[in-house]
Amino acid sequence: MADQGEVKLLKTWSSLFGLRVVWALKLKGIPYESVDEDLTNKSDLLLQYNPVHTKVPVLIHNGKPICESLVILEYIDETWSQNPPSLLPQDPIQRASARFWAKFMDEKALPSMWQAFTKKGREQEEGLASIAEKLKLLEAELEGKKFFGGEEIGIPDFALGWLVNLVPVFEEILGLKIVDEERHPSLSEWSRRISDIRVIEESWPPRDKLVTKWAAIRDHFLATARASSG
Amino acid sequence: MAANNDDVKLIGAWPSPYVMRPRIALNLKSVEYEFLQEQFGSKSELLLKSNPVHKKIPVLLHNGKPICESSIIVEYIDEVWSSGPSILPADAHDRALARFWAAYLDEKWFPNVRAAPRAATEEAKSAAVSQLKEGLALLEGAYGEISRGKDFFGGERIGFLDIAFGSMLGWLRAVQVMLGGVKLLDEEKTPGLVKWADKFSADPAVKDVLPETEKLLEFAKILMAKAKPAAS
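Here the protein sequences line up with chains A and B, keeping their order.
Quick note on my numbering: the first sequence kicks off at 2 and runs consecutively.
Quick note on my numbering: the second sequence kicks off at 18 and runs consecutively.
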């Protein structure tokens, strides 16, 4: 692993999944070439390297592709294990727990947020109740810890990174509070800690562009729902 | 890291493919464990206490400490019982491929296996079968690429992806019957997987753990009967 080889990252300017990989590469000091895709006009590179899903992010290391953000993060951690920080704890029980929570972020928390954001009326209320419940669990898990993995930032923290930069955008568009200091003191403290990390803070796409993009996404989903309900 | 007098328990149920995964892994590592089977239709206090977030099986209890989520449990078993045969591949890119395909199976493919027999119309059933076959074509390609001429995705011995996919074979065979004998695994279209499936099923770490198709079909009848009152 002395020669770290050629590293290319296919992502988009705003993909929250792509951002996770950016953070891992930057924190570990791994030089890489970044390619921003236009998903309405997918490049040959993307179609070739992720034929199954044709999605970003895709990491290409010495010509070999790795797909799925959490899989990429583990790959980075294993391949550049000599570059700190470690993205997973060493102890097997803690590693299992870190993986468990990363999975929870993607399979439970994010879909709840998606429902709350792309629906209205009763479905939105259900989504909001669901994300509130997930945040309660996350708040309890985080209590007393600096990061989800313990003392050091790691994969589960990356998996929840959207809470820090995207949720304020959602809150602005919806006119609702989703995370607050009173109900979520640990998560709020954790968010500040994440924002203080320079490479993370620098990587966030411009907020006004995110507001425009996500407002359009919400409008699209509400319009589609109206159309299909006649 | 693991000692001979470690206390190892697995909370699960025999029909679940997810429960099969850690059982196969423990067998590969020759680890003795107590299999605590949940009663169908109810959840034990131990399960609720050990997996409060999801309340789902499998849960591994190692010296009383719970580990949840089947793939995570398999990785844990591989890391802790490190003197036994390796389950994850040695090479980082191979590991990434194994994890990628396991995620594909769990998120995209297996949900269709379960949904297909319950499809409301013939059209919907047809569409589900097409999707399953497309998925298997992809997996046939992956098998060719990853096995590199050996019997298993893991090479000479079964590994992480063999376990992830192979644990679904029982239900795949049962669903083929439920769909009127449709051939999803097909000697013509997926010859590699057909051979792989036979070898996997016969592996000593697998054969006592993979349920017979007949038993799964009986179980499926009970499941469907229970589901009826809820559908209105």
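Even for Gly, the Cβ is constructed at its ideal location relative to N, Cα and C.
On a predicted model such as this, the values are computed, not experimentally measured, just so you know.
By the neighbour-count criterion, in which a residue is buried when 16 or more other Cβ atoms sit within 10 angstroms of its Cβ, B/E205 is exposed. Nearest in C-alpha terms to B/E96, of all of A/Q95, A/D220 and A/Q49, is A/Q95. With a beta-carbon spacing of about 7 Å, B/H110 and A/I67 fall inside the 8 Å limit used to define contacts. Here the alpha carbons of B/G187 and B/T230 stand approximately 6 Å from one another. In terms of Cβ geometry, B/P39 and B/I90 form a close pair [threshold 9 Å]. B/F127 and B/M185 have their C-alpha atoms roughly 8 Å apart. Between B/L201 and B/L153, the CB-CB gap stays under 9 Å. Under the three-state reduction of DSSP, A/K109 is assigned to helix.
Three or more Cβ pairs closer than 8 Å define a contact, and the segment 115-123 of chain A falls short of that threshold against the segment 28-43 of chain A.
For A/V57 against B/F117, the beta-carbon gap comes to about 14 Å, at or over 8 Å, which does not count as contact. In this structure, the straight-line span from the alpha carbon of B/L210 to that of B/K73 is close to 30 Å. Along the segment 83-100 of chain A, the positions whose C-beta sits under 9 Å from a C-beta of chain B are P93, I94, R96, A97, S98 and R100, read in chain order. The segment 139-153 of chain B makes no contact with the segment 96-113 of chain A; the number of CB pairs closer than 8 Å stays below 3.
In this structure, the beta-carbon distance from B/L27 to B/V70 does not fall below 9 Å. With a 10 Å radius around the Cβ and a threshold of 16 neighbouring Cβ atoms, B/N22 comes out exposed.
What A/F149 touches in chain B, judged by beta-carbon distance under 9 Å, is nothing: the nearest beta carbon there is about 13 Å away. Residues of chain A whose Cβ lies closer than 7 Å to the Cβ of B/K82 are, in chain order, I94. Contact with chain A is absent for B/R131, since none of that chain's Cβ atoms lies less than 9 Å from the residue's Cβ.
A Cβ of chain A is located within less than 9 Å of the beta carbon of B/E86. In the three-state reduction of the DSSP assignment, A/K104 falls in the helix class. Within the same chain, Y33 come within 6 Å of A/L26 by CB-CB distance, once the 5 residues on both sides are set aside. Assignment of A/P58 by DSSP, reduced to helix, strand and coil, places it in the coil class. A/K12 carries a strand assignment under DSSP once its states are collapsed to helix, strand and coil.
In the structure shown, the three-state DSSP call for A/D37 is strand. Under the DSSP assignment, A/G122 falls outside any beta strand (DSSP E), being part of the alpha helix (DSSP H) whose first and last residues are G122 to L143.
Distance from A/L48 to A/G162 at the Cβ level is roughly 27 Å; contact not present, criterion being Cβ atoms closer than 8 Å. Taking the C-beta atoms as reference points, B/G81 is found no nearer than 9 Å to B/F52. In the three-state reduction of the DSSP assignment, B/K82 falls in the strand class. Excluding the 5 residues flanking it on each side, B/P83 has same chain C-beta neighbours closer than 6 Å at S67 and V76, in chain order. Taking CB atoms only, B/E140 has no neighbour in chain A less than 9 Å away. Closest in alpha carbon position to A/E7, among A/K65, A/N84, A/T13 and A/E144, is A/K65. By the Cβ-count criterion, A/R100 is buried, with 16 or more other Cβ atoms from all chains shown falling within 10 Å of its own Cβ. Annotation: Cβ neighbours of A/Y76 in chain B (cutoff 8 Å, chain order): A109, H110, R112 and A113. Collapsing the DSSP output to three states places B/G209 in a helix.
At least one C-beta of chain B is nearer than 9 Å to the C-beta of A/F105.
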